[in-house]
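What follows is a short report on a single structure.
In my numbering, the protein residues as written are 15 to 427.
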């Protein structure tokens, strides 16, 4: 099978790159092994939350202090602002409703009851301009009976710092009786499926209105709208008080919905999405990747003019660590990381961990290096790149989005 572009990895990075290329008329395929980090999505896309350990107000300005090998610096700070606008417009064209701007972080309330700086937030969620204030003084935190993935006590304790009086209440509904019998079934996605049927919304809103009497705001787990994008809006219309949705423990309902939305956009543009498949090997000749073979398609060759590696970091097995080495498992590409295992980590778990900065080596055009030489038509994007600690920096989504768009632009030149 022959394509213009083949993308290895179906997460945020791979889908962004695929959509950008497909919008320009390219025949594209994405090979996705399965679930991606989007299933852990909080509802917000971070650009840069911290730089050198200090909280960031203006991400574009603070990027100037990042090390030279950071993906943002390597893309080029002169291009970043334009790419952030391109990323926002691409996501909106795909069907996501977002709030935020690249030159000024806003804040969202986390499931720990603290404010976190971020870049773009889904309209389902509430964003705040200030991190030190909360606009309501009396909050009711509603949870579903038997739902263990929404830690209401953490939220209540966190709100005390804002001088908010919070009370926890539980809602019981017959629709959840069957799944509540088994704790492993009482998960966010199964709850969301019931609400997607819409008949449960009216009953829940009535209960919420009774339980929220005397309170200023209703705080709920973000378990609304798995396949039905309008459910969260309908819920807010029916509940008489302001509604604040907070992420629950994954799987993330807004995350799965976001992945479905982006995948559908890619497929509507004519893209081929191969879900549940793994790239096993590639054939190289004269410094070019000619074809790949996948686990599910046996001897069928997948050929392309350009390839993009967006396979993720350690979590997605885009990079693998054994007791004595680091390696990129598909092509054996060069890794930017220390070969001495003792240098991989700091014993103090909350310190900056060296392994988080490891990734595939590339040249200035983000082409992968193999044995020190660039592969002419194999580009690298997303968290499989090295040079950053997305967890500490709050930069994961931004790196995925912007490096993917940058790689697509290199291909389209």
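The beta-carbon is built from N, C-alpha and C at its ideal position, and this holds for glycine as well.
Item: Under 8 Å, do residue 325 and residue 44 count as touching if we go by C-beta distance?; Value: no
Item: Taking the alpha carbon of residue 309 as the reference point, which residue from 40, 26, 47 and 30 has its own alpha carbon closest?; Value: 47
Item: Alpha carbon to alpha carbon, how far is residue 400 from residue 30?; Value: 19 Å
Item: Of the residues 343, 217, 233 and 163, which one's Cα is nearest the Cα of residue 429?; Value: Outside the shown range of the chain (15 to 427) lies residue 429, about which nothing can therefore be said.
Item: Taking the alpha carbon of residue 328 as the reference point, which residue from 36, 317, 269 and 358 has its own alpha carbon closest?; Value: 358
Item: Take the Cβ of residue 107 as the centre, count every other Cβ of all protein chains shown within 10 Å, and call the residue buried at 16 or more, exposed below.; Value: exposed
Item: By a C-beta neighbour count over all protein chains shown, 10 Å radius and 16 as the cutoff for buried, is residue 154 buried or exposed?; Value: buried
Item: Apply the 10 Å Cβ neighbour rule to residue 137 and answer buried if 16 or more other Cβ atoms are within range, or exposed otherwise.; Value: exposed
Item: Does residue 79 come out as helix, strand or coil in the three-state DSSP assignment?; Value: helix
Item: With DSSP collapsed to three states, give me the class of residue 290.; Value: coil
Item: Quick check for students: name the residue ranges of the alpha helix (DSSP H) that lie wholly in the region 75-138, counting only runs of 4 or more.; Value: 85-89 and 91-107
Item: DSSP three-state label for residue 339, please.; Value: coil
Item: Looking at residue 97: is its Cβ nearer than 8 Å to the Cβ of residue 425?; Value: no
Item: Check whether the Cβ atoms of residue 134 and residue 58 sit closer than 8 Å, and answer yes or no.; Value: yes
Item: Under 8 Å by Cβ, that's how I've got residue 350 and residue 375 pegged, so tell me the actual separation to the nearest angstrom.; Value: 5 Å
Item: Leaving out the 5 sequence neighbours to the left and right, which residues in its chain are closer than 8 Å to residue 271 when beta-carbon positions are compared?; Value: 239, 240, 241 and 243
Item: Between the C-alpha atoms of residue 84 and residue 301, what's the straight-line distance to the nearest angstrom?; Value: 26 Å
Item: Since I believe residue 407 is in contact with residue 63 (beta carbons under 8 Å), could you give me their beta-carbon distance rounded to a whole number of angstroms?; Value: 6 Å
Item: Taking only the alpha-carbon atoms, compute the straight-line gap between residue 366 and residue 404 and give it to the nearest angstrom.; Value: 11 Å
Item: Just how far apart, CA to CA, sit residue 100 and residue 283?; Value: 18 Å
Item: When the distance is taken between beta carbons, is residue 123 closer than 8 Å to residue 222?; Value: no
Item: Can you grab the Cα-Cα spacing for the pair residue 422 / residue 17, in whole Å?; Value: 15 Å
Item: Determine the closest residue to residue 427 out of 90, 129 and 379, with distance taken between C-alpha atoms.; Value: 379
Item: Can you grab the Cα-Cα spacing for the pair residue 286 / residue 278, in whole Å?; Value: 10 Å
Item: Between 51, 190 and 322, which has its C-alpha nearest residue 344's C-alpha?; Value: 322
Item: Any idea which residues DSSP pairs residue 384 with across the strands?; Value: 387
Item: Candidates 185, 173 and 236: which alpha carbon is nearest residue 54's?; Value: 236
Item: For residue 60 versus residue 152, is the C-beta distance shorter than 8 Å?; Value: no
Item: Which residue's Cα is closest to the Cα of residue 168: 200, 201 and 128?; Value: 128
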